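Chemist:
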Amino acid sequence: MFKHIPPYPGDPIMSLFEAFQADPRASKVNLSIGLYYDSSNSIPVLDSVRRAKAMLANEDRPHTYLPIEGMAQYRQLLQEIVFGKDSQALSDGRVATIQSVGGSGALRVGAEFLKTYFPGSAIWVSDPTWDNHQVLFAGAGLEIRSYPYYDALTNSLKFEQMLACIAALPAHAIVLLQPCCHNPTGIDLSREQWQQLIPLLQRRQLIPFMDMAYQGFGDGIEEDAWAIRAMADAGLSFVVSNSFSKNFSLYGERCGGLSFVAASASEAATVLGQLKATVRRMYSSPPLHGARLISTVLGSPGLAANWSAEVGQMRARIKHMRGRLQQLLLQQLLQQLQPAEVAYLTAQRGMFSYTGLTPAEVDLLREQQGVYLLRSGRMCVAGLNDANIEHVAASLADVLLARGQQRALA
Ligand code: KET
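Quick note on numbering that gives the first Met the number 0: the sequence shown kicks off at 0 and runs consecutively.
Now the structure itself:
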């Protein structure tokens, strides 16, 4: 019966994580999947979450179904984190939010919804983007196109080309954007650049889809949501997916949200109704435990302050590791490396850096040194710590040195 089914070739990110887990070498370092490790190389249980968990354990509430759209308190607190407590769009009732199965679930439900109501629209993603964006949108039947984003030669943003491409899109084209900590490049738009892009999106009647998976890992919880809030203030109608996987270190609890910002409260109410219909036909209702944990943290001023401080510590540790890696590489390759060649490490934001390593160089790093990066050259800097950073720097230096020697020979 099932003979005709082709084998799954595996996912570029998940398969690498599985290979890492099976690697017996003690010196192995995981810089592939977007997981935040603390300074002792563990995936942390945040103190705020631990305290919320203890409170919930005492309550012993039943494990009933959540409503289709998710837990009311969670949705409200999520809206305040994403759009800001003083958001005009929120007080106008113009935002329809559902609890989603992680950030991925928000992207997929959003894609299903857009495919239904804008059947002729393609989705435009940055070149490059998170690998799974393509898979999730294609799964919903959307046509996927890309706009210029990353310039490999200068390790910077092709902003003018990006604007020119977006300026030529037909009305109702969907434009996927990341408000902060761009995956995979670590390169974000500046506020001045957003201020150019937002009126263009509005004028061209495009549908921005803002995917935020790393809120708080760039410049701060409020700062990282700036572009979303600027868009809401400018009166655009748009979509936001957000994930709490990373900033709550609750990956497996699958906590996220999907929000539609509409032109009026009644439009938002209609959108919410059809989002519920979409969810009901896909998986009926979202999971309970993670939503209870996050609502408990964000709903208690003490725990919320504790969480915000913990996000601050994660952000500071990532920045420190970026600077330290840059320093070590410059020390090790004193003669061969110009500071400008590693400036990207501290200029980029969030968990990821685009190193410019080739797939062959990434394979060499993994096979010989046990250092795992994605084959695109994406490195998760949040996997670095004091105990492994010298090994990583020395391994990277070897690869860069070999590359320099090959160039000299050629
Ligand atoms: N959006 C972006 C930009 C993103 O990087 C991820 C996860 C998600 C959404 C999904 O969020 P979640 O809440 O996990 O469903 N990215 C990391 C993990 C993965 O590939 O699944 C990563 O890029 O390593």
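We treat Cβ as the ideally placed atom computed from N, Cα and C, and that holds for glycine. Given the structure is predicted, the values throughout are model-derived calculations rather than measurements.
(1) So, S125 versus H171, is the Cβ gap smaller than 9 Å?
(2) Is the beta carbon of F243 within less than 8 Å of some heavy atom of ligand 1?
(3) Please say whether I197 and M414 have beta carbons closer to each other than 9 Å?
(4) Could you give the first and the last residue of the continuous beta strand (DSSP E) run that contains L176?
(5) Suppose contacts are defined by Cβ-Cβ distances below 9 Å. Is L383 in contact with L328 by that definition?
(6) Evaluate the contact criterion for the region 281-300 versus the region 46-59: three or more CB pairs, one atom per stretch, below 8 Å.
(7) Quick one: Cα of L410 to Cα of C179, how far?
(8) So is the beta-carbon of R203 under 8 Å away from any non-hydrogen atom of ligand 1?
(9) At a cut-off of 8 Å, would you count G177 as near ligand 1, judging by its Cβ distance to the nearest heavy atom?
(10) Can you give the Cα-Cα distance for F208 and Q334, rounded to whole angstroms?
(11) Below 8 Å, is the gap between the Cβ of D150 and the nearest heavy atom of ligand 1?
(12) Who are the Cβ neighbours of S307 in its own chain at under 7 Å, not counting the five residues just before and after it?
(13) Let's see if you can read the secondary structure: which residues bound the alpha helix (DSSP H) around I227?
(14) Which runs of the beta strand (DSSP E) at least 3 residues long sit entirely within the region 329-392? Give them in chain order.
(15) Within 10 angstroms of its Cβ, does E309 collect 16 or more other Cβ (buried), or is it exposed?
(16) Look at the alpha carbon of F117 and the alpha carbon of L249, and state the distance between them as a whole number of angstroms.
(17) Pull the bridge partners of Q98 from the DSSP assignment, please.
(18) DSSP on E68, reduced to helix/strand/coil?
(19) Please classify A304: is it buried, with 16 or more other beta-carbons within 10 angstroms of its beta-carbon, or exposed?
(20) Just how far apart, CA to CA, sit Q160 and A151?
(21) Beta-carbon within less than 6 Å of G83's beta-carbon, same chain only, minus the 5 sequence neighbours each way: which residues are those?
(22) Return the residue from the list Q404, L332, T277 and P169 that minimises the CA-CA distance to G104.
(23) Quick one: residues in its chain with C-beta nearer than 7 Å to the C-beta of P358, no 5 flanking neighbours on either side, listed in chain order?
(24) Measuring CB atoms only, is the region 314-329 touching the region 378-392, in the sense that at least three cross pairs come out at less than 8 Å?
(25) Select from L156, V134 and R107 the residue whose C-alpha is nearest the C-alpha of R280.
(26) Helix, strand or coil: how does DSSP classify A88 here?
(27) With 16 as the cutoff for other CB atoms within 10 Å, does E111 come out buried or exposed?
(28) Compare the beta carbon distance of N246 and M320 with 9 Å and say whether it is the shorter of the two.
Modeler: Taking the geometry as given:
(1) Locating residue 125 in the sequence shown gives position 126, counting from the first residue. Locating residue 171 in the sequence shown gives position 172, counting from the first residue. Contact: no.
(2) Looking up residue 243 in the sequence shown gives position 244. Under cutoff, so the answer is yes.
(3) The first residue shown for the chain is 0 and the last is 409, placing residue 414 beyond what the model contains.
(4) Within the sequence shown, residue 176 is the residue found at index 177, counting from 1. From DSSP, the beta strand (DSSP E) with L176 extends over I173 to L176.
(5) As a first step, residue 383 is located in the sequence shown; it is residue number 384 there, counting from the start. As a first step, residue 328 is located in the sequence shown; it is residue number 329 there, counting from the start. Not in contact: L383 and L328 (Cβ atoms no closer than 9 Å).
(6) yes
(7) Any answer about residue 410 is impossible in this case: the structure gives the chain only from 0 up to 409.
(8) The residue labelled residue 203 in the question sits at position 204 within the sequence shown. For R203, the distance from the CB to the nearest heavy atom of ligand 1 is not below 8 Å.
(9) Counted from its first residue, the sequence shown places residue 177 at position 178. The sequence shown places Gln at residue 177, not Gly. Flag set: Cβ of Q177 near ligand 1.
(10) Translated into positions along the sequence shown, residue 208 becomes position 209. Translated into positions along the sequence shown, residue 334 becomes position 335. Each residue's Cα considered, the two are about 45 Å apart.
(11) As a working note, residue 150 is residue 151 in the sequence shown. Outside the cutoff, so no.
(12) Here the question's residue 307 lines up with position 308 in the sequence shown. Closer than 7 Å at Cβ, skipping near neighbours: I220.
(13) Sequence index remark: in the sequence shown, residue 227 carries index 228 (1-based). Taken as a continuous stretch (DSSP letters only), the alpha helix (DSSP H) holding I227 covers W225 to D232.
(14) 351-353 and 377-379
(15) For the purposes of this step, residue 309 is identified with residue 310 of the sequence shown, where counting begins at 1. Buried, by the Cβ-count rule.
(16) Counting from 1 along the sequence shown, the entry for residue 117 is found at position 118. Counting from 1 along the sequence shown, the entry for residue 249 is found at position 250. C-alpha separation (whole angstroms): 33 Å.
(17) Here residue 98 is taken as the residue at index 99 of the sequence shown, counted from 1. In DSSP, Q98 forms a bridge with G256.
(18) The residue labelled residue 68 in the question sits at position 69 within the sequence shown. Note: E68 maps to coil in three-state DSSP.
(19) Looking up residue 304 in the sequence shown gives position 305. Exposed.
(20) Taking the sequence shown and counting its residues from 1, one reaches residue 160 at position 161. Taking the sequence shown and counting its residues from 1, one reaches residue 151 at position 152. Cα to Cα, the separation comes out at about 14 Å.
(21) Numbered from 1 along the sequence shown, position 84 holds the residue referred to as residue 83. Excluding sequence neighbours, G83 sits near R228.
(22) Walking along the sequence shown from the start, residue 104 turns up at place 105. Nearest neighbour of G104 by Cα position, chosen from Q404, L332, T277 and P169, turns out to be T277.
(23) If you number the sequence shown from 1, residue 358 lands on position 359. The residues are R374.
(24) yes
(25) Start at 1 with the first residue of the sequence shown, and residue 280 comes out as number 281. Selected option, being the one with the closest Cα: R107.
(26) Residue numbering aside, residue 88 sits at position 89 when the sequence shown is read from its first letter. Looking at A88 - three-state DSSP - the assignment turns out to be helix.
(27) The count along the sequence shown starts at 1 and reaches residue 111 at position 112. Answer is buried; the Cβ neighbour count reaches 16.
(28) Taking the first residue of the sequence shown as 1, we reach residue 246 at position 247. Taking the first residue of the sequence shown as 1, we reach residue 320 at position 321. In this structure, M320 does not lie closer than 9 Å to N246 by Cβ.
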